[in-house]
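Asks: Protein chains in written order, with my numbering: chain F, 1 to 313; chain D, 1001 to 1313.
The structure under discussion is supplied below as structure tokens; questions concerning it will follow.
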């Protein structure tokens, strides 16, 4: 690595881009912050698998009726013409169809309840051993026929460089609301990759997020780094029925191939960050991304709450 | 369908593009031309599966040593700098790496022997019930990391419109020389789709082949046609070890997703056409594609031959 100290703040534990060269660096943070406990919301097998592989798939967390209710809500959002013009939305260049809608944990009552539901939030509190808040939330609609690939990346690398998330003490939850099969561009993960920090090359261009949400060019691993991660951990596809929940560490290397099948995909995406890990100034050279991509002005710790039914608002 | 009789030759059994509208039409040709026979080079189960699904996968046709020999030959071709400048090759725009090399059954002694090997040619002669020749041959190298998708298409539609192949009496053989897994963009097929002819919309631009070999925009099915084929037959990925052979009907709808994994893919591709089905003038409006894409001036029926060893030239 060629790292000029003046180019980054002194307390940057994970320098990337700018003067950095492509390299794998050891993770200096824990994956599981909590001590083992008999009252943990995850059994010890699952905790160990999460620590080792960086992700977990759970298909038994929500009832069929709850999943249907969430599917209906996503359908409603998609057909709401007002949302298509919202600054919180990303639409398809050609058709104008809704592709992503951000900050849903603030704007939508049902999804706000989902974010605070103890079936999710208690797992996040336990693994991160702190109060938690939502760093980012969104719903994604990925079309069939011409679905684009999303290249390999660690979310943490972007959140650190572009948002100022100091350390690896966050996790993501992806709740699939359509069936994911091998052929329709499911999430691909590299088990164990979360234990390395992949330094990336290149200067971040201004307003990178406007492009990176559609195709990421900066903050992606070099071919050599990726080969090394895959040689160690292999690649797994995350497939499953609607309602499957994928819990993954903020630094897990993941991506997805494109999708030429007629089967579309949609999911809900929530990022839980430890309160003590709230964002500071970005570690990269560009101004912080907007609030809807990265909670900064409005940090709202999720209140401990009884388990909700998500069947209706 | 809106079909203006004057726009196509009178004997066009499968009009497509030009004035045609997107539609599924029944196939009017057999899939298996031969009568059942005790001496058939395929057992009756395989013949019936091929008739019903339009493809077969066989992983027991070549010895490990033969597969290694073919792999070494592909490697040699790839590193031959002379071939990169050949008009028979397609190279990557950026790196100049070899992506496809055509007409290998004429130029390469080992691949010439492979094309004539009775393990392949006898199956083609049997299913097509005629003498056969090679309509097209090529080796394909598909890179990892940034491998492009190839959209759904029927080869026959292109061969008919752009090359003048009169009827559905041809089949393709794809011999995989790297491992195909679910994640590295394997061949996707729609079982049973070969029993429909999918009329496509749009006028073929001049020299379409120069672009279509990298990305096909014309001669692809509409979303509605594709949905109907998938609703009937589903989608299957063809995965397998190096040396697996995929035999598929000329009209089977197939494609592949992109490939963001580090795993490259390479294969050998041979198209056997019945001698009685040799190409005539193209059924579309453009001049015939060049000889290296579609044998026309040099139609050479494959001689009946003893089984070769492909271990060396």
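Don't be surprised by glycine CBs; every beta carbon is placed ideally from N, CA and C.
Tell me which residue opens and which closes the alpha helix (DSSP H) that residue 1241 of chain D is part of.
Replies: Careful: residue 1241 of chain D lies outside any alpha helix (DSSP H) and carries neither H nor E.
Asks: Relative to the C-alpha of residue 266 of chain F, which residue among F/39, F/123, F/53 and F/140 is closest?
Replies: That would be F/140, whose Cα lies nearest to the Cα of residue 266 of chain F.
Asks: Output yes if chain F places a C-beta closer than 8 angstroms to the C-beta of residue 1262 of chain D; else output no.
Replies: Output row for residue 1262 of chain D: interface = yes.
Asks: According to DSSP, what are the bridge partners of residue 202 of chain F?
Replies: Residue 202 of chain F is bridged to F/18.
Asks: Among residues of its own chain, excluding the 5 on either side of residue 1282 of chain D, which ones have a beta-carbon nearer than 7 angstroms to its beta-carbon?
Replies: Within the same chain, residue 1282 of chain D has close Cβ partners 1161, 1162, 1163, 1164 and 1288.
Asks: Do the stretch 231 to 244 of chain F and the stretch 82 to 90 of chain F meet, that is, are 3 or more Cβ pairs less than 8 angstroms apart?
Replies: Touching, no, given that fewer than three Cβ pairs across the two stretches are closer than 8 angstroms.
Asks: Grab me the residues of residue 73 of chain F's own chain with a C-beta within less than 6 angstroms of its C-beta, minus the 5 sequence neighbours each way, in chain order.
Replies: For residue 73 of chain F, where only same-chain residues beyond five positions count, the Cβ hits under 6 angstroms are 110.
Asks: Using DSSP with H/G/I as helix, E/B as strand and the rest coil, what is residue 1178 of chain D?
Replies: Coil.
Asks: With a floor of 3 residues, list each beta strand (DSSP E) that falls wholly inside the stretch 205 to 288 of chain F, ordered by position along the chain.
Replies: You should have 236 to 238, 245 to 249, 253 to 256 and 265 to 274.
Asks: Leaving out five residues before and five after residue 230 of chain F in sequence, what residues of the same chain have Cβ atoms less than 8 angstroms from its Cβ?
Replies: Closer than 8 angstroms at the Cβ level, and outside the excluded window around residue 230 of chain F, lie 190.
Asks: Residue 1039 of chain D to residue 1132 of chain D, Cα distance in whole Å?
Replies: Roughly 18 angstroms separates the two Cα atoms.
Asks: In angstroms, rounded to a whole number, what distance separates the CA positions of residue 167 of chain F and residue 96 of chain F?
Replies: Between residue 167 of chain F and residue 96 of chain F, the C-alpha separation is close to 37 angstroms.
Asks: Excluding the 5 residues flanking residue 272 of chain F on each side, which residues of the same chain have their C-beta closer than 6 angstroms to its C-beta?
Replies: 124, 132 and 171, listed in sequence order.
Asks: Less than 8 angstroms between CB atoms is the rule here; does residue 1010 of chain D satisfy it with respect to chain F?
Replies: Note on residue 1010 of chain D: pLDDT 48, under 50, position unreliable in the model; no value is reported.
Asks: Taking residue 27 of chain F as the reference, which of F/251, F/179, F/280 and F/49 has the closest Cα?
Replies: Residue 27 of chain F has its Cα closest to that of F/251, out of F/251, F/179, F/280 and F/49.
Asks: Hey, is the stretch 243 to 261 of chain F in contact with the stretch 189 to 203 of chain F, meaning 3+ C-beta pairs nearer than 8 angstroms?
Replies: The stretch 243 to 261 of chain F vs the stretch 189 to 203 of chain F: in contact.
Asks: Once DSSP output is grouped into helix, strand and coil, what is the label at residue 23 of chain F?
Replies: If DSSP states are grouped into helix, strand and coil, residue 23 of chain F belongs with the strands.
Asks: Along the beta strand (DSSP E) that carries residue 138 of chain F, what are the first and last residues, could you check?
Replies: Residues 132 to 142.
Asks: Name the DSSP beta bridge partners of residue 1057 of chain D, please?
Replies: For residue 1057 of chain D, which the question treats as bridged, DSSP gives the partners D/1246.
Asks: What is the DSSP secondary structure of residue 1315 of chain D, reduced to helix, strand or coil?
Replies: No statement about residue 1315 of chain D is possible, as the shown extent of chain D runs from 1001 to 1313 and does not include it.
Asks: Residues in the same chain with beta-carbon distance under 6 angstroms from residue 196 of chain F, minus the five sequence neighbours each way, listed in chain order, please.
Replies: So the qualifying residues of the chain are 24.
Asks: What are the boundary residues of the alpha helix (DSSP H) that includes residue 146 of chain F?
Replies: From DSSP, residue 146 of chain F is part of no alpha helix (DSSP H); its letter is neither H nor E.
Asks: In the DSSP assignment, the alpha helix (DSSP H) including residue 156 of chain F goes from what residue to what residue?
Replies: Run containing residue 156 of chain F: 155 to 158, per the alpha helix (DSSP H) assignment.
Asks: Which two residues bound the contiguous beta strand (DSSP E) that contains residue 89 of chain F?
Replies: Counting along the chain, the beta strand (DSSP E) containing residue 89 of chain F begins and ends at 89 to 91.
Asks: Determine, using beta carbons only, whether residue 1242 of chain D and residue 1310 of chain D come nearer to each other than 8 angstroms.
Replies: No, the Cβ-Cβ distance between residue 1242 of chain D and residue 1310 of chain D is not below 8 angstroms.
Asks: Flag this pair as yes or no: are the beta carbons of residue 1055 of chain D and residue 1181 of chain D separated by less than 8 angstroms?
Replies: In this structure, residue 1181 of chain D does not lie closer than 8 angstroms to residue 1055 of chain D by Cβ.
Asks: If I measure Cβ to Cβ from residue 216 of chain F and keep anything under 6 angstroms in the same chain, skipping five residues before and after, which residues do I get?
Replies: Contacts found: 151 and 153.
Asks: Specify the secondary structure class of residue 303 of chain F as computed by DSSP and reduced to three states.
Replies: Reduced to three states, the DSSP call for residue 303 of chain F is coil.
Asks: Can you list, in chain order, the residues of its chain with a C-beta nearer than 6 angstroms to that of residue 69 of chain F? Leave out the 5 residues immediately preceding and following it.
Replies: The answer, listed in chain order, is 310 and 311.
Asks: Buried or exposed, going by whether 16 or more other CB atoms sit within 10 Å of the CB of residue 10 of chain F?
Replies: Confidence at residue 10 of chain F is low in this model, with a pLDDT of 48, below 50, so its placement is unreliable and no value can be given for it.
Asks: Listed in chain order, which residues of the stretch 218 to 229 of chain F have Cβ atoms closer than 7 angstroms to some Cβ of chain D?
Replies: Hits within the stretch, in order: 223, 226 and 227.
Asks: Please determine, among F/258, F/301 and F/60, the residue with the shortest C-alpha to C-alpha distance to residue 317 of chain F.
Replies: In the structure displayed, chain F extends from 1 to 313; residue 317 of chain F sits before or after that span and is not available.
Asks: Against residue 1182 of chain D, what residues of chain F qualify as contacts under a CB-to-CB distance less than 7 angstroms, listed in chain order?
Replies: By Cβ distance, chain F contributes 182 and 237.
Asks: Measure the C-alpha to C-alpha separation of residue 89 of chain F and residue 118 of chain F and round it to an integer number of angstroms.
Replies: About 27 angstroms.
Asks: If I follow the unbroken beta strand (DSSP E) through residue 1101 of chain D, where does it start and stop?
Replies: Element bounds for residue 1101 of chain D: 1098 to 1102.
Asks: Would residue 1137 of chain D pass as a contact of residue 1270 of chain D if the rule is Cβ separation under 8 angstroms?
Replies: Yes, the Cβ-Cβ distance between residue 1137 of chain D and residue 1270 of chain D is below 8 angstroms.
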